[in-house]
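Read the structure below first, then the notes.
2 protein chains.
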Amino acid sequence: MMKLHGYWRSSTSYRVRIALNLKGLEYEYVACNLLEAEHRGADYLALNRQGLVPTLELDDGTHLTQSLAIIEYLDECHPQPALLPPDPVDRARVRTVAHAVALEIHPVNNLRILKYLAGPLEHPPEAVGEWFRHWVGETFEPLEAELSNSSASAAFCHGDRPTLADICLVPQVANGARFNVDMTPYPSIRRIYDNCLALEAFAKASPQVQPDAP
Amino acid sequence: MMKLHGYWRSSTSYRVRIALNLKGLEYEYVACNLLEAEHRGADYLALNRQGLVPTLELDDGTHLTQSLAIIEYLDECHPQPALLPPDPVDRARVRTVAHAVALEIHPVNNLRILKYLAGPLEHPPEAVGEWFRHWVGETFEPLEAELSNSSASAAFCHGDRPTLADICLVPQVANGARFNVDMTPYPSIRRIYDNCLALEAFAKASPQVQPDAP
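Chain order of the listed sequences is A and B.
Residue numbering for the first sequence follows our numbering, beginning at 99 and increasing consecutively.
Residue numbering for the second sequence follows our numbering, beginning at 99 and increasing consecutively.
This is how it looks when you write it as structure tokens:
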């Protein structure tokens, strides 16, 4: 059985859990405690040189890292249900929404960046919170316009089935709640979030129901 | 003919130029001057709601945004020469290297982040430079180990042909030179960079030879 090395509150681990659940793939969950720096220990670095979660360990012992690369792999090897639509322009749209979240928000707001702002750069918690909310707003504002105005969006970011775009969006919204992101200006994002969480694949992947959640 | 809206010194524009050149696809280059905030003007925002470069305008007027989504699109519609290898585990490896650069380094070191550090957070240029080099090192160190130790790496990040991984790596190395990143500890990255720049597709995509370079 595949093993997913992750952390309950990590957005990137959450993405891979959703994808595995949507595909109906069973996996063993192996918790890696970021607060105790287990991701910087020799055992974990042997699995993942970057020392980041998640890592997906395949049946043959191959280790895959980087959440989006893992999800594209899962979609290639287990094509149904598809996480990307068949048409290339539609696929580009789904990846664009996914990447807007995964490349413009998450990398600048993850734990190690916030620690660097609070540590070496000595910013107080309020400034760190403002940083977080600033970068969410920079992307959520145009994303909300796209999801509200494009006829390609429906119950989910693209059409009536969840895709890679929803897989990236949902953990980002959940993460934002921890930093008091005001979601009032984003009704389409909220609606899609609610539609996703109504699905078992998303609900079962939620941070608070993971074995390592406190 | 396709139109590429980009900026000479933008790493993400550079990535798409390399991909178009490797595929042998002709395109019209439309410069968007980031220093004069053209990417925040109404004309450009009509093309790209996020106000980021690059945007690829297809023959039928469709606009694609987000560099990696554009490159995956190009690889799907123009399969030869392939930018990803055929085997799913190999594809995951190439995407992992590409994403290590595109998700862990570039997003935290791009112009808008550095401006926020220098502006609202009032850090002097030395602290901004240290920030830049810190995040390059966090990823280049494990990446160098991967590229040196894995038998999958050869003349390029993956085998003897350039892939999506090299397309992301080369602009990052070029960008690092502007911030005095010491490349001594990364001989494999330097070797691959040199091998790429020896190819016309990479050389023609270089920032300094673009029409909008000073």
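Note that beta-carbon positions come from the ideal geometry of N, C-alpha and C, so glycine has one too.
Model, not experiment: these values are computed from the prediction.
Distance between residue j and residue i (C-alpha atoms, nearest Å)
i              : j              : result
C266 (chain A) : L295 (chain B) : 34 Å
V192 (chain A) : A198 (chain A) : 10 Å
F230 (chain B) : N207 (chain B) : 6 Å
I287 (chain A) : V234 (chain A) : 12 Å
I211 (chain B) : E155 (chain A) : 34 Å
A303 (chain B) : M100 (chain B) : 16 Å
N146 (chain B) : E224 (chain B) : 33 Å
D264 (chain B) : V187 (chain B) : 17 Å
Y291 (chain B) : E220 (chain A) : 36 Å
S249 (chain A) : G257 (chain A) : 9 Å
D280 (chain A) : E298 (chain B) : 49 Å
T282 (chain B) : K213 (chain B) : 28 Å
T160 (chain B) : E236 (chain A) : 23 Å
R276 (chain A) : V226 (chain B) : 27 Å
E174 (chain A) : P184 (chain B) : 11 Å
H232 (chain B) : P312 (chain A) : 32 Å
A272 (chain B) : E228 (chain B) : 17 Å
H176 (chain A) : R289 (chain A) : 28 Å
A140 (chain B) : P222 (chain B) : 32 Å
N247 (chain B) : N247 (chain A) : 48 Å
Per-residue contacts from residue i into chain B (C-beta, under 7 Å)
i              : result
T160 (chain A) : V187
A167 (chain A) : A190, R193, T194, H197
T163 (chain A) : T194
Closer than 9 Å at the beta carbon, the chain B residues around residue i
i              : result
L219 (chain A) : L215, L219, H221, A225, W229
Cβ pair residue i, residue j closer than 8 Å
i              : j              : result
L181 (chain A) : L241 (chain A) : no
A190 (chain B) : I168 (chain A) : yes
P309 (chain B) : Y142 (chain B) : no
Y105 (chain B) : A135 (chain B) : no
T194 (chain B) : T163 (chain A) : yes
A243 (chain A) : L172 (chain A) : no
R115 (chain A) : L102 (chain A) : yes
V268 (chain A) : F300 (chain A) : yes
Q306 (chain A) : S109 (chain A) : no
N293 (chain A) : F254 (chain A) : yes
L209 (chain B) : L132 (chain B) : yes
P285 (chain A) : P205 (chain B) : no
Chain A contact for residue i (CB, 8 Å cutoff)
i              : result
H176 (chain B) : no
P205 (chain B) : yes
P240 (chain B) : yes
Within-8 Å CB hit, residue i to chain B
i              : result
H256 (chain A) : no
Q308 (chain A) : no
T261 (chain A) : no
Contact set for residue i: own chain, Cβ-Cβ below 8 Å, skip 5 residues either direction
i              : result
G149 (chain A) : H137, R138, Y142, L143
P179 (chain A) : L120, K121, R259
D157 (chain B) : M99, M100
Proximal chain B residues relative to residue i, where beta-carbon distance stays under 8 Å
i              : result
T237 (chain A) : Q148
Y142 (chain A) : Ordered by position in chain B, no residue passes the 8 Å Cβ test against Y142 (chain A), which lies about 12 Å from the chain.
Contacts of residue i in chain A (Cβ-Cβ under 9 Å)
i              : result
I211 (chain B) : V206, W233
Y171 (chain B) : P186, V187, R189, A190, R193
Contacts of residue i in chain A (Cβ-Cβ under 8 Å)
i              : result
L132 (chain B) : Chain A residues near L132 (chain B): none, gap ~15 Å exceeds 8 Å.
E202 (chain B) : Q148, L150, P205
E244 (chain B) : R147
Beta-carbon proximity list for residue i, same chain, < 6 Å, skipping 5 on both sides
i              : result
S251 (chain A) : L245
G217 (chain A) : none
G274 (chain A) : V234
Same chain only: Cβ atoms within 7 Å of residue i, ignoring 5 sequence neighbours per side
i              : result
E124 (chain A) : M99
A200 (chain A) : L166, C266
L107 (chain A) : For clarity, residue 107 (chain A) is Arg in the given sequence; the question names Leu instead. Contacts found: P305.
L262 (chain A) : I169, L181, L182, V192, R193, A196
S111 (chain B) : G104, Y105, V151, P152
Closer than 7 Å: residue i CB and nearest the ligand PLP heavy atom
i              : result
T110 (chain A) : Only the bare structure without any ligand can be found here, which leaves the ligand PLP out of the picture.
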